[in-house]
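Chemist: Residue numbers (UniProt numbering): 1 to 153. C-beta: ideal position from N, C-alpha, C; glycine also.
#1: For the putative contact between residue 61 and residue 91, defined by C-beta atoms under 8 angstroms, what is the C-beta separation to the nearest angstrom?
#2: Using CA atoms only, rank isn't needed, just tell me which of 97, 142 and 35 is closest to residue 83.
#3: Have a look at residue 40 and residue 18 and give me their C-alpha separation to the nearest angstrom.
#4: Helix, strand or coil for residue 94 per DSSP?
#5: Using DSSP bridges, identify the partner residues of residue 108.
#6: For residue 113, tell me which candidate among 94, 140, 51 and 31 has the shortest Cα-Cα distance.
#7: For residue 68, which of helix, strand or coil comes out of DSSP?
#8: Just grab the DSSP bridge partners of residue 136 for me.
#9: List the DSSP bridge partners of residue 55.
#10: Between which residues of its own chain and residue 57 is the CB-CB distance below 8 angstroms, once the five residues before and five after are set aside?
#11: Can you have a look at residue 134 and say buried or exposed, based on whether 16 or more other CB atoms are within 10 angstroms of its CB?
#12: Assign residue 116 to one of two classes, buried (16 or more other C-beta atoms within 10 Å of its C-beta) or exposed (fewer than that).
#13: How long is the line joining the alpha carbons of residue 47 and residue 101, rounded to whole angstroms?
#14: Give the DSSP bridge partners of residue 77, in chain order.
#15: Within its chain, find whatever has a CB closer than 8 angstroms to the CB of residue 99; leave out the 5 residues flanking it on each side and keep chain order.
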């Protein structure tokens, strides 16, 4: 643990991602929770062994991109297929100092449009097996302007 805390954010970003051979590597079970309100779930909804009811279970790999995950979610939720639908991704992980969870926003995609975060991978954002993925889906008529990140208040 002590060694890990000495690694700076710059050093983490410089680490190249290891290529994953999907033919030889077993996929992981990704537990995804979605909302269609444009806001992420509250972290207290993950407390004491509870999770929100809107769970999707996806088998994927650590090199899965946000765009790839967007496509999988759109297969399940046809209303999210509309051009301009905004997807905000966050990793929900246990707080090492307590029994609570933390939420870290990692990026966003927009249905039908190319974006800067499309090729971002779970691995590049330090996702760990056992973490959850929370996706706030915003319909096109209520989508935030491009280039802005939704921030929890």
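Modeler: Quick answer:
#1: With a Cβ gap of about 16 angstroms, residue 61 and residue 91 do not count as contacting.
#2: 142
#3: 30 angstroms
#4: strand
#5: 88
#6: 140
#7: helix
#8: 35 and 88
#9: 33
#10: 29, 30, 31 and 32
#11: buried
#12: exposed
#13: 7 angstroms
#14: Answer is none; residue 77 lacks a bridge partner.
#15: 47 and 48
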